[in-house]
Amino acid sequence: MRQDKERRVPHQGMRQNKMPGEGDRLMRKPRATAATSGPDGLAPAGDVAAIVPGTHGDPFAVLGVQE
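Quick note: the sequence shown uses this note's numbering, first residue 10, plus one each step.
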C-alpha cells in the first residue's frame, strides 16, 4: 500500500462538520418569484435586452426559478 494515501486531506470544498439540517433543501421555504415591472407581468425591457445576449448580471432575479 502506498503511504501517500494516508497523508491525503479532503478537498477544500468538502465540509467535514455538517450542522444538523444544513443543506436540507426540501425543508427550506421557496424563493420569491420573478421580479416584474408592473401589473402586466412583463419584465423591464432593459433586463430582457441584457438577458438575451447573456450579459445580464443576475438573470434569475428577473426570470425566476423554473419548476
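Built from N, CA and C at the ideal position, the CB exists for glycine as well. None of these values were measured; they are calculated from a predicted model.
Going straight from the alpha carbon of G55 to that of T64, what length do you get? What you label residue 55 is simply residue 46 of the sequence shown in a count that begins at 1. What you label residue 64 is simply residue 55 of the sequence shown in a count that begins at 1. Rounded to the nearest angstrom, the two C-alpha atoms are 11 Å apart.
Along the alpha helix (DSSP H) that carries V61, what are the first and last residues, could you check? Walking along the sequence shown from the start, residue 61 turns up at place 52. That residue, V61, is in no alpha helix (DSSP H); it is neither H nor E in DSSP.
Are any of the Cβ atoms in chain C nearer than 8 Å to that of G50? Absent from the structure: chain C. Only one protein chain is present.
Mind reading off the beta-carbon distance from V71 to I60? Whole number of angstroms is fine, and I expect it under 8 Å. To locate residue 71, count along the sequence shown from 1; it is residue 62. To locate residue 60, count along the sequence shown from 1; it is residue 51. About 6 Å; that satisfies the 8 Å criterion.
Distance between E76 and V57 (C-alpha atoms, nearest Å): As a working mapping, residue 57 is identified with position 48 in the sequence shown. As a working mapping, residue 76 is identified with position 67 in the sequence shown. Approximately 20 Å, taken between the alpha carbons.
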